[in-house]
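Read the structure below first, then the notes.
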Amino acid sequence: MTTTIAKGLEGVLFTETKLTFINGTEGVLTHLGIPIQEWAEKSTFEELSFALLHGKLPTREELAAFDADLKANRAVPAELITAIRAYPRDVHPMQALRTAASHLGLLDADAEDTSAEGRYRIGVRMIAQFSTIIAAIARAQDGQDPVEPRADLTHAGNFLYMLNGQEPSAEQARLFDIALILHADHGMNASTFTAIATASTLSDMYSSVVSAIGALKGPLHGGANEAVMDMLDEIGTVDAAVPFITQKLDNKEKIMGVGHRVYKYFDPRSRVLRDYAAHVSEKQGKSHYYSILETIEKEIVERLGGKGIYPNVDFYSGVVYSDLGIKKSFFTPIFALARISGWVASVTEYTANNRLLRPDAVYVGARDQHYVEIDERK
Ligand code: ACO
Numbered sequence: 003m004t005t006t007i008a009k010g011l012e013g014v015l016f017t018e019t020k021l022t023f024i025n026g027t028e029g030v031l032t033h034l035g036i037p038i039q040e041w042a043e044k045s046t047f048e049e050l051s052f053a054l055l056h057g058k059l060p061t062r063e064e065l066a067a068f069d070a071d072l073k074a075n076r077a078v079p080a081e082l083i084t085a086i087r088a089y090p091r092d093v094h095p096m097q098a099l100r101t102a103a104s105h106l107g108l109l110d111a112d113a114e115d116t117s118a119e120g121r122y123r124i125g126v127r128m129i130a131q132f133s134t135i136i137a138a139i140a141r142a143q144d145g146q147d148p149v150e151p152r153a154d155l156t157h158a159g160n161f162l163y164m165l166n167g168q169e170p171s172a173e174q175a176r177l178f179d180i181a182l183i184l185h186a187d188h189g190m191n192a193s194t195f196t197a198i199a200t201a202s203t204l205s206d207m208y209s210s211v212v213s214a215i216g217a218l219k220g221p222l223h224g225g226a227n228e229a230v231m232d233m234l235d236e237i238g239t240v241d242a243a244v245p246f247i248t249q250k251l252d253n254k255e256k257i258m259g260v261g262h263r264v265y266k267y268f269d270p271r272s273r274v275l276r277d278y279a280a281h282v283s284e285k286q287g288k289s290h291y292y293s294i295l296e297t298i299e300k301e302i303v304e305r306l307g308g309k310g311i312y313p314n315v316d317f318y319s320g321v322v323y324s325d326l327g328i329k330k331s332f333f334t335p336i337f338a339l340a341r342i343s344g345w346v347a348s349v350t351e352y353t354a355n356n357r358l359l360r361p362d363a364v365y366v367g368a369r370d371q372h373y374v375e376i377d378e379r380k
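In the working numbering, the protein residues as written are 3 to 380.
What follows is the structure, given as structure tokens:
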């Protein structure tokens with residue numbers, strides 16, 4: 003009998019979803035059948051979050067009620083803010099976010115409510131509270147006081163306000179809103195799958211989100227956006243870009259921000275972000291970061307396009323975030339700020355028809371052995 007192992011679970015189908023469709027060979031991404039470009043152009047993070055959670059576009063009244071719900075839930079318990087301020091300042095913010103998300107559960111008397119209503123209530127509240135938590139971590143790490151949320155700003159605008167301590171321009175708030183839309187959901191990516199795996203044991207929503215944060219943190223997933231900026235700093239100048247790529251490829255090392263398990267063509271999100279990265283760079287008189295990325299993209303497409311390696315969503319996001327006053331170490335928390343909507347929506351969808359996730363492995367270890375007493379071992 004032959005056994006085939008799906009390494010990295012590649013191509014394994016374990017559930018049905020109505021949320022997100024991806025055609026990796028043609029570079030297509032849709033949520034509820036609507037192309038990501040239309041969401042980015044016409045929608046808001048609040049509206050997309052509603053759509054993912056409810057499986058439909060909201061009416062004007064439904065959107066207003068959902069928006070009010072998010073705004074009403076922005077505050078976090080004072081104990082949590084005190085704890086965040088006591089975290090060591092030099093830890094990676096994803097460690098702080100993972101701890102804070104778990105701490106939030108400790109402070110919620112209904113944390114163990116795994117009914118559909120309970121998961122929804124906690125999920126929506128966490129979507130709202132993530133902005134306050136991440137901004138508070140950023141400010142605490144800089145030795146600054148946290149800024150209270152404001153209910154007259156959008157989710158994106160309020161986050162930038164709490165982060166930088168000053169109200170963003172309408173253009174900045176909208177640019178950040180678009181970045182959140184582009185990152186909100188992406189099918190069965192590693193962190194969403196992790197969130198679902200935890201929920202499938204009928205564990206609580208906080209545990210799902212904490213598991214997902216851990217998965218998102220790694221450099222092969224959400225951590226890649228930060229790694230792209232490290233790479234740009236290492237390259238330094240446009241002239242050094244091609245030699246750097248050549249050396250990396252000769253050493254069989256990965257280039258950050260390119261390649262994807264599903265996309266074997268341009269990630270459509272990277273196209274939208276490239277346009278905005280070009281816009282902000284133009285505004286600053288063509289930043290050298292953008293010029294280096296353009297050079298790398300051309301080189302990668304020429305040399306690796308045949309293998310299906312193209313820029314992914316993380317390739318240009320850093321240039322956009324930097325323009326919004328977001329520090330490199332906060333790029334991955336920003337990813338979590340958006341992706342929490344996808345985690346919550348996917349957990350909600352999966353647990354409505356739950357089955358414990360429990361894959362198997364092919365056993366290739368020793369057989370027919372006996373226990374050897376410790377003194378007799380070599
Ligand atoms: N740079 C150079 N070569 C690459 C890259 C890359 N970034 N990615 C894949 N390749 C090559 C591999 O070396 C391999 O070549 P080979 O067939 O000659 O051995 C081939 O392309 C297939 O690559 P795999 O690693 O098998 O593809 P996989 O689906 O496992 O990888 C992954 C996907 C992990 C994202 C990979 O492309 C990668 O490490 N990219 C860099 C990190 C990154 O940007 N991650 C963010 C992904 S998007 C997100 O999570 C939001």
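The beta carbon of each residue, even a glycine, is placed where N, CA and C say it ideally should be. In this text, all values refer to a predicted model and were calculated from it rather than measured experimentally.
Looking from the CA of VAL244, the closest CA among ARG273, GLU296 and ASP277 belongs to GLU296. Put simply, the region 323-340 does not touch the region 240-256. Fewer than three CB pairs are less than 8 Å apart. By the neighbour-count criterion, in which 16 or more other beta carbons inside 10 Å mark a residue as buried, LEU99 falls on the buried side. Within the same chain, Cβ atoms closer than 6 Å to the Cβ of LEU34 are found at ALA53, the five residues on either side in sequence being excluded. For PHE161, there is no enclosing beta strand (DSSP E); the enclosing alpha helix (DSSP H) has its first and last residue at 157-166. The closest heavy atom of ligand 1 lies less than 7 Å from the beta carbon of LEU306.
Here VAL93 is exposed. Its C-beta has fewer than 16 other C-beta atoms within 10 Å. Collapsing the DSSP output to three states places ILE24 in a strand. When rounded, the separation of the alpha-carbon atoms in ASP377 and ASP112 is 52 Å. Between PRO148 and ALA137, the alpha-carbon positions lie close to 7 Å from each other.
The C-beta separation of LEU184 from ALA158 comes to about 12 Å, leaving the pair out of contact by the 8 Å criterion. Between ALA66 and ILE294, the alpha-carbon positions lie close to 42 Å from each other.
When DSSP states are grouped into helix, strand and coil, THR334 belongs to the helix group. Short note on ASN191: C-beta closer than 7 Å to some heavy atom of ligand 1. For VAL30, the uninterrupted beta strand (DSSP E) segment begins and ends at 30-33. With contacts defined as CB atoms closer than 8 Å, ILE129 and ILE342 qualify as a contacting pair. Secondary structure of PRO90 (DSSP, three-state): coil. Around GLU48, the same chain offers LEU65, PHE68, ASP69, LEU72, THR156 and HIS157 as residues with beta carbons nearer than 8 Å, after the five sequence neighbours per side are excluded. When PRO313, GLU304 and HIS281 are compared, the shortest CA-CA separation from VAL322 is found for HIS281. Contact check for SER319 against ASN227 passes: the beta carbons are separated by less than 8 Å. Distance from the CA of TYR373 to the CA of GLY367, rounded to the nearest whole angstrom, comes to 15 Å. Relative to SER210, the option among ILE180, GLN174 and GLU114 whose CA is nearest is GLU114. The three-state secondary structure of PRO245, taken from DSSP, is helix. For MET231, the CB stays at least 7 Å from every heavy atom of ligand 1. Across the structure, ALA354 and SER117 are spaced so that their CA atoms are roughly 10 Å apart. With a 10 Å radius around the Cβ and a threshold of 16 neighbouring Cβ atoms, VAL230 comes out buried.
For LEU218, the uninterrupted alpha helix (DSSP H) run begins and ends at 207-218, by DSSP. With a beta-carbon spacing of about 39 Å, ALA153 and LEU359 fall beyond the 8 Å limit used to define contacts.
Excluding sequence positions up to five before and after ILE237, its CB lies within less than 6 Å of the CB of ALA243, PHE246 and ILE294, all in the same chain and listed in chain order. CA-CA distance, GLY57 to ALA186, rounds to 14 Å.
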